[in-house]
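Since the structure comes first, as structure tokens, the remarks are kept for the end.
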Amino acid sequence: MKYMLLIYGDEAKMRAIPKEDASKMMPAYFAYTEALKKAGILLGGDRLQFTDMATTVRIREGKTNVVNGPYAEAKEQLAGYYLIDVPDMDSALSWASRCPGASAGTVEVRPLWIMQ
Amino acid sequence: MTARDDGGSHATAEAVARRSYGKLVAYLAQRTRDVAAAEDALSDAFAAALADWAASGIPRQPEAWLLAVARRKATDVARRRHTSDAAAAEIRLMAEEIESNRASAPEIPDERLALMFACAHPAIEAGIRAPLILQTILGFDAATIASAFLVAPATMGQRLVRAKQKIALAGIPFRLPERIDLPERLGAVLEAIYAAFTEGWSDPAGTEARRRNLAEEGIWLGRLAASLLPEEPEALGLLALMLYADARRPARRDAQGDYVPLAEQDTAQWDADLIAEAETLLRAAGAKSTLGRYQLEAAIQSAHVVRRLTGRADWDAIEMLYGALAAVTGSPVVAINRAVAIAETRGPAAGLAALDLLKDDPQLTAYQPYWAARAGLLARTGARAEADRAYELAIGLESDPAVRRYLQRQRERPEGYRSE
Chain A
3 MKYMLLIYGD EAKMRAIPKE DASKMMPAYF AYTEALKKAG ILLGGDRLQF TDMATTVRIR
63 EGKTNVVNGP YAEAKEQLAG YYLIDVPDMD SALSWASRCP GASAGTVEVR PLWIMQ
Chain B
611 MTARDDGGSH ATAEAVARRS YGKLVAYLAQ RTRDVAAAED ALSDAFAAAL ADWAASGIPR
671 QPEAWLLAVA RRKATDVARR RHTSDAAAAE IRLMAEEIES NRASAPEIPD ERLALMFACA
731 HPAIEAGIRA PLILQTILGF DAATIASAFL VAPATMGQRL VRAKQKIALA GIPFRLPERI
791 DLPERLGAVL EAIYAAFTEG WSDPAGTEAR RRNLAEEGIW LGRLAASLLP EEPEALGLLA
851 LMLYADARRP ARRDAQGDYV PLAEQDTAQW DADLIAEAET LLRAAGAKST LGRYQLEAAI
911 QSAHVVRRLT GRADWDAIEM LYGALAAVTG SPVVAINRAV AIAETRGPAA GLAALDLLKD
971 DPQLTAYQPY WAARAGLLAR TGARAEADRA YELAIGLESD PAVRRYLQRQ RERPEGYRSE
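Line by line, the protein sequences give chains A and B.
Note that my numbering has the first sequence beginning at 3, numbered continuously upward.
Note that my numbering has the second sequence beginning at 611, numbered continuously upward.
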């Protein structure tokens, strides 16, 4: 089954981390990504720019409304994702718990909607 | 299916059918993860079994009977191009497999434990786990479960449907968890079973057949878990705990239907066989040297029922066990019970001092047993006016009229509450 691991974190905190410390986080993500590849379950994944880079589009009553900023203001923001293919939810949860984002923030596990 | 209570052959047929039902649902759902389709496929066969078995007796192989009927119904359904094509296909597949294996292995593998682990999976909302197990393993309908859990039937039905959808769509596995996850996952299964039991047990007047029945079903599920996981001490501990409680059921009310507290129950009314079974289970669990919540609670029950032999509960053991349980659970409710035990071992003033440590816990301000315990201990230390106020609060917070009457009698007693 295919699952999306959505990585949420507090952007304010992320920005406050000094550059040297922030670069220390990267090896953990590289190692995790490598492990997903080795297991043959990685379908895709990337880190996202901070939410001030986001632009939101809505069309209401025929009128297109483009707004600067993310969909919703929240304490933790979507920061990246992995798309994986594993046998079941337990396997997805076990991979999610290994993601560095699970210790620094929150990882949401969502099964993909499969078209019949 | 409904939990009818008209006794006799119907009840026997229902009991046997229900045992087979869970096994078949588990077997079917294990392969597709589609619990709803498995239930659909079997519901007609189950209804037919209830009618037929009550009249013509229980078949020698109830499961094979249910499968055969299910297959016939499924064929009918397929012919009419009715709904649940998937269920019909599944039944046919299963029936063919059973047919081809008949000579060598006619037994249907027991996947009920795997189903229970799926129902109590951490991805399933905690509050719906017990209802889900009652429905999938025992075949109770949503309305029956709703009435036991004091929820509107439509709400319960919706929550059950959603939980089953999640099992299918989120890919929740039907198997025993990995060793490393087992203690926590088993904890969730046992908690759900205990919730089913206590929902039945908490029936205040003990008069509602449906809810009393649910306590029995909780014990039945506990027996199932203990028999499938005989090496897990907490599974044995939970079964022991439920059996101790069940053993005392006849003594919980007096002839007038009034509430009788544990310490005042007539030990002659306790069920000696159930107590003996519970003691054996508790010993078997203790031999495995992993202590847990249910074993501790069962051990407390054991220290209470020793009164039938010695005339007095083993309060030293009870105090020690509540101390250990408080360390495991951190529950203020456990701490209240520990304070009551301390009052027995070291006197009411010491018990009251232990209770005082809890008085700032906001959870307890509206908790009847806290105020009842406080009132009883205050009365025994001679603080009449304070005791009276605490009794008033306890009575005001209690919903069961029988318990209210009991507390009122205690309040009017000159010497207050006496435990023994």
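Ideal placement from N, C-alpha and C gives every residue a C-beta, glycine not left out.
Q: Identify which residue in B:671, B:632, B:884 has its Cα closest to the Cα of residue 653 (chain B).
A: Stepping through the second sequence from its first residue, residue 653 (chain B) is reached at position 43. The shortest C-alpha separation from residue 653 (chain B) is found at B:632.
Q) CA-CA distance, residue 849 (chain B) and residue 114 (chain A)? A) Taking the second sequence and counting its residues from 1, one reaches residue 849 (chain B) at position 239. Taking the first sequence and counting its residues from 1, one reaches residue 114 (chain A) at position 112. Near 40 Å, if we compare the C-alpha coordinates of residue 114 (chain A) and residue 849 (chain B).
Q. According to DSSP, is residue 841 (chain B) helix, strand or coil?
A. Your numbering for residue 841 (chain B) matches position 231 in the second sequence. Correct three-state label for residue 841 (chain B): coil.
Q: Name the two residues that bound the continuous alpha helix (DSSP H) containing residue 900 (chain B).
A: Translated into the one-based positions of the second sequence, residue 900 (chain B) becomes position 290. No alpha helix (DSSP H) holds residue 900 (chain B); DSSP gives it neither H nor E.
Q: Look at the Cβ atom of residue 895 (chain B), then the Cβ atom of residue 846 (chain B), and state whether they are nearer than 8 Å.
A: One-based indexing of the second sequence puts residue 895 (chain B) at position 285. One-based indexing of the second sequence puts residue 846 (chain B) at position 236. Taking 8 Å as the Cβ cut-off, residue 895 (chain B) and residue 846 (chain B) qualify as a contacting pair.
Q: Indicate whether the contact test is met: 3 or more Cβ pairs, each with one atom in the region 995 to 1006 of chain B and one in the region 956 to 971 of chain B, closer than 8 Å.
A: By the Cβ test, the region 995 to 1006 of chain B is not in contact with the region 956 to 971 of chain B, since fewer than three Cβ pairs between them sit closer than 8 Å.
Q. Can a CB atom of chain B be found closer than 8 Å to the CB of residue 87 (chain A)?
A. Along the first sequence, read from residue 1 onward, the residue named residue 87 (chain A) stands at position 85. Under the Cβ criterion of 8 Å, residue 87 (chain A) is not counted among the residues facing chain B.
Q. Does any C-beta atom of chain A lie closer than 8 Å to the C-beta of residue 638 (chain B)?
A. As a first step, residue 638 (chain B) must be located in the second sequence, where it is residue number 28. So no, residue 638 (chain B) is outside the interface.
Q: Report the residue from A:44, A:77, A:67 whose alpha carbon sits nearest the alpha carbon of residue 58 (chain A).
A: If you number the first sequence from 1, residue 58 (chain A) lands on position 56. Comparing Cα-Cα distances from residue 58 (chain A) to each of A:44, A:77, A:67, the minimum goes to A:67.
Q.
Can you check whether the C-beta of residue 3 (chain A) is within less than 8 Å of a C-beta belonging to chain B?
A. Numbered from its first residue, the first sequence carries residue 3 (chain A) at position 1. Answer yes: the Cβ-Cβ gap between residue 3 (chain A) and chain B drops below 8 Å somewhere.
Q | Proximity of residue 1032 (chain B) and residue 854 (chain B) at Cβ, strictly below 8 Å | A | Since the first residue of chain B shown is 611 and the last is 1030, residue 1032 (chain B) is not available in this structure.
Q: For chain A, find out if any of its Cβ atoms is closer than 8 Å to the Cβ of residue 733 (chain B); answer yes or no.
A: Residue numbering aside, residue 733 (chain B) sits at position 123 when the second sequence is read from its first letter. So yes, residue 733 (chain B) belongs to the interface.
Q) According to a CB-to-CB cut-off of less than 8 Å, which residues of the region 762 to 790 of chain B neighbour chain A? A) Contacts with chain A (Cβ-Cβ distance below 8 Å) from the region 762 to 790 of chain B involve 779, 780, 781, 782, 783, 787, 788, listed in chain order.
Q: Taking all protein chains shown into account, decide if residue 117 (chain A) is buried (16 or more other Cβ within 10 angstroms of its Cβ) or exposed.
A: In the first sequence, counting from the first residue as 1, residue 117 (chain A) sits at position 115. It counts as exposed.
Q: Tell me, please, whether the region 763 to 779 of chain B touches the region 733 to 747 of chain B by the rule of three or more beta-carbon pairs shorter than 8 Å.
A: The region 763 to 779 of chain B is in contact with the region 733 to 747 of chain B.
**Q.** Same chain only: Cβ atoms within 7 Å of residue 987 (chain B), ignoring 5 sequence neighbours per side
**A.** Within the second sequence, residue 987 (chain B) is the residue found at index 377, counting from 1. Annotation for residue 987 (chain B): 953, 958, 961, 962, 965 place their beta carbon closer than 7 Å to its own, counting only its chain and skipping 5 residues before and after.
Q.
Can you check whether the C-beta of residue 29 (chain A) is within less than 8 Å of a C-beta belonging to chain B?
A. Within the first sequence, residue 29 (chain A) is the residue found at index 27, counting from 1. Under the Cβ criterion of 8 Å, residue 29 (chain A) is not counted among the residues facing chain B.
Q: Taking all protein chains shown into account, decide if residue 70 (chain A) is buried (16 or more other Cβ within 10 angstroms of its Cβ) or exposed.
A: Start at 1 with the first residue of the first sequence, and residue 70 (chain A) comes out as number 68. So residue 70 (chain A) counts as exposed.
Q. At a Cβ threshold of 8 Å, is residue 72 (chain A) touching chain B?
A. The count along the first sequence starts at 1 and reaches residue 72 (chain A) at position 70. No, no contact with chain B.
Q: Please check if any C-beta of chain B sits within less than 8 Å of the C-beta of residue 92 (chain A).
A: Locating residue 92 (chain A) in the first sequence gives position 90, where the first residue counts as 1. Interface with chain B (8 Å Cβ-Cβ cutoff): residue 92 (chain A) is included.
Q.
Here's the rule: buried if 16 or more other CB atoms are within 10 angstroms of the residue's CB, otherwise exposed. What is residue 869 (chain B)?
A. Stepping through the second sequence from its first residue, residue 869 (chain B) is reached at position 259. Buried: at least 16 other Cβ atoms inside 10 Å.
(Q) Beta-carbon within less than 6 Å of residue 72 (chain A)'s beta-carbon, same chain only, minus the 5 sequence neighbours each way: which residues are those? (A) Locating residue 72 (chain A) in the first sequence gives position 70, where the first residue counts as 1. So the qualifying residues of the chain are 53, 56.
(Q) Using only the alpha-carbon positions, how far apart do residue 843 (chain B) and residue 900 (chain B) sit? (A) Here residue 843 (chain B) corresponds to residue number 233 of the second sequence, with the count starting at 1. Here residue 900 (chain B) corresponds to residue number 290 of the second sequence, with the count starting at 1. Take the alpha-carbon of residue 843 (chain B) and the one of residue 900 (chain B): they are about 7 Å apart.
Q: Take residue 94 (chain A) and list the residues in its own chain whose beta-carbon comes closer than 6 Å to its own, dropping the five residues that flank it on each side.
A: Within the first sequence, numbered from 1, the residue matching residue 94 (chain A) stands at position 92. The residues are 5, 88, 111.
Q. Cβ of residue 113 (chain A) less than 8 Å from any chain B Cβ?
A. The residue you call residue 113 (chain A) lines up with position 111 of the first sequence. Chain B contact via Cβ: present.
Q: State buried or exposed for residue 1020 (chain B), treating a residue as buried only when at least 16 other CB atoms are found within 10 Å of its CB.
A: For the purposes of this step, residue 1020 (chain B) is taken as the residue at position 410 of the second sequence. The residue in question, residue 1020 (chain B), is buried, as its Cβ has 16 or more Cβ neighbours within 10 Å.
Q. Can you give the beta carbon distance from residue 806 (chain B) to residue 824 (chain B), rounded, assuming they're within the 8 Å contact cut?
A. On the second sequence, position 196 is the one that residue 806 (chain B) refers to. On the second sequence, position 214 is the one that residue 824 (chain B) refers to. Yes, they are in contact, since the Cβ atoms of residue 806 (chain B) and residue 824 (chain B) sit about 6 Å apart, within 8 Å.
(Q) For residue 649 (chain B), tell me which candidate among B:662, B:635, B:661, B:643 has the shortest Cα-Cα distance. (A) Residue 649 (chain B) sits at position 39 when you count from the first residue of the second sequence. Taking only the C-alpha atoms, the option nearest residue 649 (chain B) is B:635.
**Q.** With 16 other Cβ atoms within 10 Å as the buried cut-off, status of residue 760 (chain B)
**A.** Taking the second sequence and counting its residues from 1, one reaches residue 760 (chain B) at position 150. Residue 760 (chain B) is exposed by the Cβ-count criterion.
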